[in-house]
Amino acid sequence: MKELGEENWSVVHAFYANAGGFVIHTPDFPPFPINAKSIYYLRSINRIKLPNIKREDIWDHSKADLFAKW
34 MKELGEENWS VVHAFYANAG GFVIHTPDFP PFPINAKSIY YLRSINRIKL
84 PNIKREDIWD HSKADLFAKW
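Okay, so the sequence shown: first residue is 34 according to my numbering, each after it adds one.
Following this line, the structure appears as structure tokens:
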């Protein structure tokens with residue numbers, strides 16, 4: 034993502050995306066999870082803006098217990 038000017042996007046974000054952590058909302062379809070490759074493609078053609086989520090926030094979320102995740 035750095036070549037697209039997204040300095041804060043990291044491997045942690047990509048793993049989070051591939052685990053179903055990011056969901057896309059469109060007017061025509063119900064929300065659905067999007068993987069890192071799709072995020073990269075949509076960002077490269079300027080169809081989406083990346084969310085402002087810090088790597089530390091993803092790590093903190095992954096440490097939540099099972100109840101907190103569901």
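Think of the CB as a built atom: it goes at the ideal place given N, C-alpha and C, for glycine as much as any other residue.
Since the structure is predicted, the reported quantities are computational estimates derived from the model, not experimental observations.
Cα atoms of L37 and I86: separation of roughly 17 Å, rounded to the nearest angstrom. In the three-state reduction of the DSSP assignment, I72 falls in the helix class.
Between the alpha carbons of I78 and N68 lies a gap of roughly 16 Å. In this structure F65 is in contact with V56, their Cβ atoms being roughly 7 Å apart against a cut-off of 8 Å. Contact between R80 and H46 does not hold, since the beta-carbon distance rounds to 18 Å and is not under 8 Å.
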